[in-house]
Amino acid sequence: MSRTIIVSNRLPTKVQRSAEGLTFQPSEGGLATGLGSIYKADGNVWVGWPGLFVEDPNEQAQVAERLQADSMAPVFLTEAEIRDYYEGFSNSTLWPTFHYFTQFATYEDAHWQAYVAANEKFCQAVLALAGPDDTIWVHDYQLLLLPEMLRRARPEATIGFFLHIPFPSYELIRVLPWGAALLNGMLGADLIGFHTFGYMRHFLSAVSHMVGYSNQNGIVETPTRSVLVDAFPMGIDYQRYAEAAVSAEAEAHQRTYRAAMRGVRVVLSIDRLDYTKGIAQRLRAFEQLLVRHPEWSGQVSLLMVVVPSRDQVAQYQELKVEIDELVGRINAQHSTITWNPIHYFYRSFPFEELAGLYRLADVALVTPMRDGMNLVAKEFVACKTNQRGVLILSERAGAARELSDALLINPTDLNQLVEAMHEALHMPEDEQIAHMASMQALVRQYDVFAWTNLFMERLAYSKIKQQTMSTD
Ligand code: GDG
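Quick note: full-length UniProt numbering has the sequence shown finishing at residue 472, numbered continuously throughout.
See the structure below:
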């Protein structure tokens, strides 16, 4: 029987250490939902790091046994691997480079060596489970070398790769001393997927300049195989968000929030703490809105959720300080006894409360400097079941390619951001409904299940094509 093996840096279950011992919490992430029907099916498995350091072999066995019952197989990382492969090469070299933040990128040979070794470790974990004809779907920038490693060991396997972050211009890739090796790593796959055609074009151009393989209609010809490259914009579980937004729980949350806000309009901002998300720029723009359009003073509040992330990396710690200071300064300068300009939460909310916030918001401010896709934009759209509300969206988020009915802005252009907020808060209801309805139709149709099916179908097709070509 042929199996499907999903591989990503993190497993879809969060394992944490508490006073009572280890706890296991299923992740609510979009990827886990979308791939749930695949990895939970008979014989299939998800391979990845459980997200914490486990040293004791007995404890490792206990974690492995528990995860195995839920179709998962853990890859345990050492403290040095977490530091050099994960926080180092993945999050301090690839993440900033692929998001055009080269000023934050480090180029450490030791981190590169750890990245190669960790990819090899994931490879061994997959090989321990995979048969020669299995389908393996590898995810994201932490595992760029894995497709080629797997290909060498399992030449007949069907291997797919999907990148969740942007693929930048060739000019950025060639800055990396290991650029060609990374491209060759990805080319071990039969199918390589990106969120947008733009990222796909950047990849093809980098491959042609740095590896010397040309392509025709997205098919890269290597000396031994052809590799299909395509765009698959990732969706969300639309139904789940739409239903959560009208649930009794979300309604109760929304009612409490509304009463507390006393008629003040709400601009919502939700992100992981990350310099790519444009959080500080957003705060400055909100401050300018109050300065340039003082009529909004006392009438509108920014509700900002920042989810803690990567707090071991220096830039993230600095960004946290910057955000804390900006919020403090703006609130100190503008608040009144009865009104707070910014409600700032540095934590994550349970799913139903999140749905309540989406439902409450008059405007969602999704203004990343760069973002592979951005699912928050799509979740906001799905939760607006009465079709009132305005999405302000950065043109540099992958989601902007699909959600062209949003108010699209350049996040560096502070003036544009200020005026977009002003316009959004003034937008007549019939206009809001027209834009929201057309975005909803799109987000509903191309949901995460459609995304998964399309990728798996194309992967199967790329393999059949490969086989017909080799027998011709
Ligand atoms: C990467 C790429 C790409 C946020 N706050 C809370 C919460 N969230 C959930 C959101 C959303 C998810 O986190 C964030 O997803 P994004 O897509 O916005 O961003 P990244 O984490 O950077 O994801 C990105 C994605 O991969 C998929 O390919 O779109 O471009 O960077 O689902 O709802 N969830 C809960 N409470 C919170 O407070 N429960």
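Cβ coordinates follow ideal geometry from the N, Cα and C atoms, glycine included.
When you compare each of the options to residue i by their alpha carbons, which one comes out closest?
i           : options                        : result
ASP271      : ALA80, PHE380, ALA153          : PHE380
THR412      : ALA189, GLU395, ALA153, ASP405 : GLU395
PHE76       : TRP49, SER90, ASN184, ASP430   : TRP49
THR276      : TYR85, LEU228, GLN315, LEU391  : GLN315
PRO96       : ASP371, GLU431, LEU31          : ASP371
LEU414      : GLN288, LYS40, THR222          : GLN288
PRO155      : VAL448, PHE162, PRO147         : PRO147
ASN217      : MET261, ILE6, LEU228           : LEU228
LEU268      : ALA361, PRO166, VAL291, MET234 : ALA361
ILE219      : ARG240, GLN103, ALA189, ILE173 : ALA189
LEU290      : VAL54, THR158, PHE162, LEU417  : LEU417
residue 535 : ASN386, THR4, THR367           : The question about residue 535 has no answer, for the chain in this structure spans 1 to 472.
ASP324      : TRP178, THR256, ARG284         : ARG284
TRP296      : PRO341, TYR257, ALA280, ARG258 : PRO341
GLY21       : GLN60, ARG458, PHE455          : GLN60
LEU167      : LEU145, SER205, ARG151, ALA157 : The sequence shown places Phe at residue 167, rather than the Leu named in the question. Looking at the Cα atoms, SER205 is the closest of the given residues.
ILE5        : GLY328, PHE104, VAL126         : VAL126
VAL175      : GLN16, HIS164, THR102          : THR102
ARG255      : LEU357, SER27, LEU143, GLU423  : LEU357
PHE349      : MET373, LEU303, PRO368, MET369 : LEU303
Looking at ligand 1, does it come within less than 7 angstroms of residue i, judged from the CB to the closest heavy atom?
i      : result
GLU379 : yes
ILE330 : no
VAL264 : no
GLY398 : yes
HIS334 : no
ASN44  : no
HIS164 : yes
LEU354 : yes
PHE104 : no
PHE101 : no
PRO308 : no
SER348 : yes
ASN91  : no
ILE464 : no
ASP371 : yes
ILE279 : no
To the nearest angstrom, how far is it from the Cα of residue i to the Cα of residue j?
i      : j      : result
GLN124 : LEU403 : 40 angstroms
TYR238 : ALA355 : 12 angstroms
GLN12  : ILE38  : Note that residue 12 corresponds to Pro in the displayed sequence, not to Gln. Spanning the two alpha carbons is a distance of roughly 13 angstroms.
GLU322 : LEU365 : 19 angstroms
CYS383 : GLU243 : 8 angstroms
SER462 : PHE286 : 48 angstroms
GLN466 : SER226 : 7 angstroms
TYR86  : TYR107 : 14 angstroms
VAL7   : TRP137 : 6 angstroms
SER301 : HIS343 : 7 angstroms
PHE351 : ASN215 : 43 angstroms
ASN453 : ASP447 : 10 angstroms
MET439 : ALA64  : 42 angstroms
TYR170 : GLY36  : 34 angstroms
ILE330 : ARG292 : 14 angstroms
TRP339 : PRO428 : 25 angstroms
ILE159 : THR224 : 15 angstroms
ILE433 : TYR141 : 38 angstroms
ILE464 : ASN91  : 36 angstroms
ARG444 : MET234 : 12 angstroms
VAL390 : VAL306 : 20 angstroms
GLN78  : ASN119 : Residue 78 is actually Thr in this sequence, not Gln. Cα to Cα, the separation comes out at about 13 angstroms.
PHE203 : ALA399 : 19 angstroms
ARG458 : LEU191 : 8 angstroms
LYS121 : PHE161 : 17 angstroms
ALA245 : ARG359 : 6 angstroms
Whose C-beta lies closer than 6 angstroms to the C-beta of residue i among residues of the same chain, with five residues either side of it excluded?
i           : result
HIS435      : ASP405
residue 561 : Residue 561 lies beyond the stretch modelled for the chain, which goes from 1 to 472, so this question has no answer here.
ARG401      : THR196
CB-CB under 7 angstroms to residue i, same chain, minus the five flanking residues each way: which ones, in chain order?
i      : result
PHE89  : HIS111, TRP112, ALA114, TYR115
LEU375 : GLY30, ILE236
SER2   : ASP133, ASP134, THR135
SER71  : TYR39, LYS40, ASN44, VAL45, TRP46
ARG265 : GLN299, VAL300, ASP362, LEU425
LEU52  : VAL15, GLN16, ARG17
VAL54  : GLN60, VAL63, PHE76
Taking 8 angstroms as the limit between beta carbons, can you name the residues of its chain near residue i, skipping five residues before and five after?
i      : result
ALA231 : GLY193, PHE194, HIS195, THR196, PHE197, TYR199, MET200
VAL207 : LEU183, LEU187, TYR213, ASN215, VAL220
Taking only beta-carbon positions, decide if residue i is within less than 8 angstroms of chain C.
i      : result
GLN387 : Looking at the structure shown, chain C is missing, and only one protein chain is on hand.
*At what residue ranges does the region 342-400 contain a whole run of the beta strand (DSSP E), taking only runs of 3 or more?*
342-345, 363-366, 390-394
_Minimum length 4: unbroken alpha helix (DSSP H) runs contained in the region 62-107_ = 95-98
*Could you tell me which uninterrupted beta strand (DSSP E) segments, each at least 3 residues in length, are contained entirely in the region 131-168, listed from first to last along the chain?*
135-139, 158-162
*At which residue ranges does the region 179-225 contain complete alpha helix (DSSP H) runs of 4 or more residues, listed in the order of the chain?*
179-186, 197-210
*Whole beta strand (DSSP E) runs in the region 428-461 with 3 or more residues, listed along the chain?*
none
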